[in-house]
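Last residue of the sequence shown: 281 (UniProt numbering), numbering continuous.
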Amino acid sequence: MIKKILISTLAVFLILLCQVGYVYKQATGVPGNSPVATLEVPKDPGKRIVVCMGDSITHGRVSYDYVNGLASDTDLEKFSFVNAGINSRLAYNLLQKADEVIALKPDFITILIGTNDVKASLSAEESERYIKLWRLSESPSKKLFVNSLRKLIMRLRSETNAKIALVSLPPLGEVLLSKPYLRSTEYSDEIRKIAEAERILYLPLHEEMDAVLRSKGQSNIPEYRMDLPAMYVAIFLHYAMFQDWNSISDMRNLHFLTDNIHLNQRGGDIVQKLIKKFLLE
Numbered sequence: 001m002i003k004k005i006l007i008s009t010l011a012v013f014l015i016l017l018c019q020v021g022y023v024y025k026q027a028t029g030v031p032g033n034s035p036v037a038t039l040e041v042p043k044d045p046g047k048r049i050v051v052c053m054g055d056s057i058t059h060g061r062v063s064y065d066y067v068n069g070l071a072s073d074t075d076l077e078k079f080s081f082v083n084a085g086i087n088s089r090l091a092y093n094l095l096q097k098a099d100e101v102i103a104l105k106p107d108f109i110t111i112l113i114g115t116n117d118v119k120a121s122l123s124a125e126e127s128e129r130y131i132k133l134w135r136l137s138e139s140p141s142k143k144l145f146v147n148s149l150r151k152l153i154m155r156l157r158s159e160t161n162a163k164i165a166l167v168s169l170p171p172l173g174e175v176l177l178s179k180p181y182l183r184s185t186e187y188s189d190e191i192r193k194i195a196e197a198e199r200i201l202y203l204p205l206h207e208e209m210d211a212v213l214r215s216k217g218q219s220n221i222p223e224y225r226m227d228l229p230a231m232y233v234a235i236f237l238h239y240a241m242f243q244d245w246n247s248i249s250d251m252r253n254l255h256f257l258t259d260n261i262h263l264n265q266r267g268g269d270i271v272q273k274l275i276k277k278f279l280l281e
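Structure representation (structure tokens):
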């Protein structure tokens, strides 16, 4: 009897371990159309290259994959999409990876970065997490964000012929007057100022999402706070329980965000709409 219980317990443990391993692989896997992977295959001369730079919201493994959504759009068949997004990146990290993007000789570049910079600015605990993760020599700050983004734009403009668009940030959380939400608005304003100064296109994602949230007037929703378990649960529900991102948001009474950080399809659809308009203008 004891032997059967031990065997059953071990079997359950192994199944859970396999599930965790599968979910982790899905959540962290590098996109098949990453810059490095794209450079290894011959370029299609009939297609124009679009590089989407960003963090996990662009990476699309723990958030709705808007880059794949663009690639699947039949109106955009003449474009080849490269996913240059990686989980947890700051603007500083994008600057360090500029060479990979420049090597692609892109026709278009979109940049959606700053959510992690905002998160890092909210508390010493979050800041320290990013310092350790990326081995930073200085604490993440608005100054580092702005300087990194400006330098990135300067390099891309001087070393490519690409048309560049900056995308403002999704709100951090959906509680309109909360500190994280207002901080994401503040950083989006900085992105807009950079776009105006550099005379490149600005895609108002934050403003469009903000307008919808204000019109809905949702209440009884949690504001953003550093809550890794909430993110991990959303990831598990998606990959292990086959819940779509919208359903996960609905369970939490959220409209655009699955875990107060990452986008569901409703949010991703707005990103796709803005980028599609940019490409077809």
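No residue lacks a Cβ here, since even glycine has one placed at the ideal position from N, Cα and C.
Checklist line | Contacts around V50, its chain only, beta-carbon distance under 6 Å, and the 5 residues preceding and following it disregarded | finding: Your numbering for residue 50 matches position 50 in the sequence shown. Excluding positions up to five away in sequence, the list reads F79, F81 and F108.
Note to self: Between the alpha carbons of L104 and S219, how many angstroms are there, rounded?
What the structure shows: Here residue 104 corresponds to residue number 104 of the sequence shown, with the count starting at 1. Here residue 219 corresponds to residue number 219 of the sequence shown, with the count starting at 1. Each residue's alpha carbon lies about 46 Å from the other.
Item checked: Residue from Y64, D117 and D65 with nearest C-alpha to S188 -> For the purposes of this step, residue 188 is taken as residue 188 along the sequence shown, with counting starting at 1. Among Y64, D117 and D65, the Cα nearest to that of S188 is on D117.
Check: Should G46 be flagged as near chain D, meaning a C-beta pair shorter than 8 Å?
Finding: Checking the listed chains, one finds no chain D in this structure; it contains a single protein chain.
Notebook entry, point to check: Grouping DSSP H, G and I as helix and E and B as strand, with all else coil, what is F108?
Noted result: Within the sequence shown, the letter at position 108 stands for residue 108. Note: F108 maps to strand in three-state DSSP.
Check: In angstroms, rounded to a whole number, what distance separates the CA positions of V30 and K277?
Finding: As a position in the sequence shown, residue 30 is number 30, starting the count at 1. As a position in the sequence shown, residue 277 is number 277, starting the count at 1. Between the alpha carbons of V30 and K277 lies a distance of about 27 Å.
Check: Counting Cβ pairs closer than 8 Å, one from the segment 141-152 and one from the segment 67-79, do we hit at least three?
Finding: no
Note to self: Taking the alpha carbon of D44 as the reference point, which residue from E186, D269 and P106 has its own alpha carbon closest?
What the structure shows: The sequence position of residue 44 within the sequence shown is 44, counting from 1. Comparing Cα positions, the closest option is P106.
Next item on the list: Let me know the secondary structure DSSP gives L279 once reduced to three states.
Entry: As a working mapping, residue 279 is identified with position 279 in the sequence shown. Helix, per DSSP.
Margin query: For a test of the three-state rule: what should DSSP assign to S215, helix, strand or coil?
Written below: As a working note, residue 215 is residue 215 in the sequence shown. Helix at S215.
Check: Can you tell me the Cα-Cα spacing of N264 and T38, whole angstroms?
Finding: As a working note, residue 264 is residue 264 in the sequence shown. As a working note, residue 38 is residue 38 in the sequence shown. C-alpha separation (whole angstroms): 26 Å.
Notebook entry, point to check: So is E174 buried or exposed if we call it buried at 16+ other beta carbons inside 10 Å?
Noted result: As a working mapping, residue 174 is identified with position 174 in the sequence shown. It counts as buried.
Check: What residues match up with I164 in a beta bridge as DSSP calls it?
Finding: Indexing the sequence shown from 1 puts residue 164 at position 164. Per DSSP, I109.
Checklist line | Where V175 sits in the DSSP three-state scheme | finding: As a first step, residue 175 must be located in the sequence shown, where it is residue number 175. Note: V175 maps to coil in three-state DSSP.
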